[in-house]
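Residue numbers (our numbering): 1 to 937. Before any comments, here is the structure.
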C-alpha cells in the first residue's frame, strides 16, 4: 500500500473516531424515593454549560458530549439538590438518580425577597414555601386562610375570604379592621396584586388560589424593606405554574359542606404542555358557588377566574406573557354579640357557629348623591357583598447579555373594579333609645311607631316611644320585636375603580466575588372611590328581617320613616366621593459579596418616592321641601348627602431611603447561619385622605412610619430532620391612630384626631420537619414573641364631635393588641402506596382585644384533617376537614355592642363599670368538609 493510501486510511479512521467521540449521549431517569418519575427536573451538565429538563417519565438526554469529567446537578422544586460526578469515555451513558424530598424547601431556588434567584439555604432571609401539596390540604376559604400555615404569620380569616388581616412580628398597628394587609405585599409572580389600599379595598379582593398556583413563597420582614414596593412587613408571592414539557393537566371537582345545610360546589382545571420549538403554555382556573360557613338567606360566594401564561425559552433566557380574568362575588361576616367578659358566651339568641347578622336579600334603589340633578339612582342588594373584577396582563422577560451581564423586566397592567353592597355594623339598639327613631333623619318621629315585615307586609309591632326622650322606656301597644331592639346597621354602598401599571427592571452583573443587581420599580394607579351609608330598619335576631316603619299618630297623617324595603335616611349616614392618582418610583442596588466559599454579605439600598394627587368632594344634605320625592309624608329621603360642587385637593410627595445588610455563613452543605439588619418605611395609603378631612381642607400630608428589624437565624437540612429558627426584634414608629365614632346627638359619623405611637416586639420563630420514614413526616412551626405598645396614646372623643370633654388616654407599656405571645402549627403527614392522610393542630394564644388591655381574647385550637386514596394512575379522591372539632375560638373583638362603638372604648374601667354589658366578637368559622375528585391526564 502506498504512503498516500496509508495516510488516507489513517485520516479516515481518525475522522470516524472523532465523530464517534463527539456523538456520545448521556441519558438518565430521575425518580423519588417511591420510585415515581420526576418531571421538569432542571438537569445541568458542567463544565459544558448544557441544561435540560426531564420529561413526564423522568427521563433526560444530553447529546454530542465529548469525553471528560463532568458534574451532573439536578434541581427540582420540593427536592434536595443532587450533584454527582461522572466520567465520560467513548460509550453512551445511561444513569439513574433518586432524589430526596426537601421538606422545608431549603435547597429550592427562591425568587421572593431577592433580586437574583438563589437557594433558600443560601439566602439571608426568613423564607417559607408552600407547595402544591400544602395548598391542596387546605379548604379553599381565601388567601389569609391558606397563609395560616406559614410560620410567624398572624392571619384573621374569621370574616371569610375578604376583610382579612395578615401581618408578622408585631408590625400590625395600622393593619387592623378594614386595612388588614397594610404592611405586607401580596404578590402574583413577583409583582403586587394591587398598588393601592384603603378601607375595604385590600389586595385579597383580587387574589384567588387554584390549580394554576404552583407554590407560595413568604418573606417575613427582612429584605422586603428593599425588595417590595412600600411593604416593609413582608411579602407573600403566589407563583404560577411554569414550563411543563409534556401535554397534560388536571380536572378537580369538589363538593363542600358547612354545618348541616350549607353547601359549596367548585370545579378547578388546568391544562399545560408544549407547542414545540421551546414554546410552552399553561391555562387554568376555577368556578365556585358557596352558601358560606354561616347562615344567610342568599348565596354567599359565587364566581371564579381564568389565568394563563405562554412561555418561550431562548438560548439566553426566556419570556412569558401572562394574564388573569377574575369575576367573583363574595361577602364578609360581621361579628356576634356576647356577654361575660371573662368567658364570652353568645347572647340575644345568637350563637358562635351559625349567626351572621347580615341584611337579608332584597332589591332596593337609593338616590345617588353624586348625581341628584339627573335623578341618579343606585341599585342596592345586600346579598351581593363585594363584586370584584380584575383584568390583568403582563410580560416577564429575561436574557443573558454576555460577559456575565443579564437583565430581567417584569411589567403588568390591570383594570380593577370592586363594588360593595352589604350591611356594615350590627349593633344592638334598644327601642328605648331615641337613636332608634331619630337616626331616620325625620324631624320629630315621636308617638306610635309601627314596624311591618317588609317582605310580607304584616304588622310585627306597634310601640309608643313618647317617653324615650325623657329617659323612660318605650311601651308596646301591640306585638313585639325580638330582644326589644332593632339592629344598628347601614346599607353600605361602595364603588371603586382602579387602572394600574407596574414595572420592575433589574440589571445583573456577576463577577468572581460579587453578584450585583441594579434596578428600578415603577407603579402608577388611577383610582376613583365612592361610598355612602343608608340606615336600615332590621330586626335584632339571628336571622334578621327588614322592617318597613311608619309613624301613625291618631288624627295625624301617616309618615313613612322608611321605604317599603326598610331603608331609611337615604345616603345620610356618610358620604365620600374622591379620586386619586398614585405614582411610585424606586431605584435600588444590591450586592451579594462572596467573601469566601462559606461567607456571603448581602448589602442593599432602596430609594423610593410616592406621589398622591387627587380630590375629595365636599358635601351637604340635599335641601328641598319633602325631600328627594317632594312628598312631605316620606321622611326617609330628606337628608341625602350630596356633592356641593366644591372639592378639596391634595398633592403630596413621600420620599424615603430604606436599607438592609445581611451575612450568611454556610457551615457545611446542609447548615447555614445568617443575620440581617433592615430599616424600612411605610408611606400612608389613600385611606388617610378618604377617611379624614371631612368637609375641611386637606392641608397636611400623612406621616411615614418607620420599621426597624434585626434578625439572627439558623438553617439546617439534615437527612431526616430540617429546621430553621430566627430570633428577631422589630420596632414600628410614627403610627398614626384615629378612631371611627358616632355622635348620637346629631347622627353623624366621624374620625377622631390622629395621634402617633410606637411598638416593639421581640421573638423567636421556627419551622421544623422530622421524617423518620420516607412515607411519614412530622412538622412543627410557630412563633414565641413579646409584643409591646412602647409609646401609645388614644384620643377619647367621649362619643361626640364636641371637643370640650375630650381626653387623651396613655397606654404606653401595655401589650400590643391582636398579637399572640404564642402561636404554632403542629402536624403529621402520611403517604404510602395509594393512601395519604394528614392531621394538623393550629394553636393561637391569648391576645389583647385593644391597646387599653381591657379585654383579652382567649387562646384556642383548630384541628384540620384529611385523607386521600389514589384509585388508579389518573384518578384520586380526597377528603379535607377544617375545624374538625368545631372550635368556638374568638379571632377578633370589636368593642361594646352599641352603634358607632370601637374596641378602644373598652377600657378596664369600662369593663368594671359594665360587668353585664354585651360586646361584639368574631368567632372562627365552623367545621367545613370538602370532598374532591381529581383526574390527571
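For each residue, glycine too, the CB sits at the ideal point set by N, CA and C. Since the model is a prediction, treat every value here as computed from it, not as a measurement.
A straight line joining the alpha-carbon of residue 334 with that of residue 302 spans about 19 Å. For the set 492, 499, 452 and 500, the Cα lying nearest the Cα of residue 478 is the one of 452. In chain order, 21, 24, 88, 89 and 90 place their CB closer than 8 Å to the CB of residue 67, counting only its own chain and leaving out the 5 sequence neighbours on each side. Remark: C-beta atoms of residue 558 and residue 481 do not approach each other more closely than 8 Å. By the C-beta density criterion, residue 348 is buried, having at least 16 other C-beta atoms within 10 angstroms. With 16 or more other Cβ atoms from the protein chains shown falling within 10 Å of its own Cβ, residue 851 counts as buried.
Residue 97: member of the beta strand (DSSP E) spanning 93-99, first to last residue. Distance between residue 506 and residue 599, taken at the CA atoms: about 24 Å. About 6 Å separates the CB atoms of residue 158 and residue 892; that is less than 8 Å, so the two are in contact. Residue 390 places its beta carbon less than 8 Å from that of residue 324. Where residue 132 is concerned, the enclosing alpha helix (DSSP H) starts and stops at 132-136. Take the alpha-carbon of residue 924 and the one of residue 50: they are about 52 Å apart. Counting C-beta pairs closer than 8 Å gives three or more between the region 761-771 and the region 720-730, which meets the contact rule. Inter-segment contact for the region 378-395 and the region 170-179 is absent: fewer than three beta-carbon pairs are separated by less than 8 Å.
Residue 686 places its beta carbon less than 8 Å from that of residue 612. Of 395, 407 and 229, the smallest CA-CA separation from residue 316 is found for 407. The three-state reading of DSSP puts residue 474 in coil, since its state is none of H, G, I, E or B. Assignment of residue 637 by DSSP, reduced to helix, strand and coil, places it in the helix class. Residue ranges of uninterrupted beta strand (DSSP E) with 3 or more members, entirely inside the region 167-229 and ordered along the chain, are 184-188 and 213-220.
Residue burial annotation: residue 874 is exposed, with fewer than 16 other C-beta atoms found within 10 angstroms of its C-beta.
Residue 492 is a Cβ neighbour of residue 422, given a cutoff of 8 Å. Annotated as distal: residue 354 and residue 292, with beta-carbon spacing of 8 Å or more. Taken through DSSP and simplified to helix, strand or coil, residue 436 comes out as helix. For the options 671, 937 and 701, the alpha carbon positioned closest to that of residue 655 is the one of 701. With fewer than 16 other beta carbons inside 10 angstroms of its own, residue 808 counts as exposed. For residue 689, there is no enclosing beta strand (DSSP E); the residue is found in the alpha helix (DSSP H) stretching over 687-691. Taking residue 855 as the centre and dropping the five residues before and after it, the same chain places the C-beta of 341, 849, 893, 906 and 911 closer than 7 Å to its C-beta, in chain order.
Residue 625 sits in coil when the DSSP states are folded into three classes, being neither helix nor strand. The way I'd put it, the region 458-468 doesn't touch the region 390-403; fewer than three beta-carbon pairs between them come closer than 8 Å. Cβ neighbours of residue 41 within its own chain (closer than 6 Å, five residues either side excluded): 30, 54, 74 and 76. Judged by DSSP secondary structure, residue 144 falls within the alpha helix (DSSP H) whose first and last residues are 143-147.
Secondary structure remark: continuous beta strand (DSSP E) runs of at least 3 residues inside the region 547-619, in chain order: 547-551 and 574-594. One Cα belongs to residue 688, the other to residue 228, and the distance between them is close to 21 Å. Distance from the CA of residue 619 to the CA of residue 336, rounded to the nearest whole angstrom, comes to 34 Å.
The three-state secondary structure of residue 913, taken from DSSP, is helix. Sorting 648, 568 and 593 by C-alpha distance to the C-alpha of residue 580 places 648 at the top.
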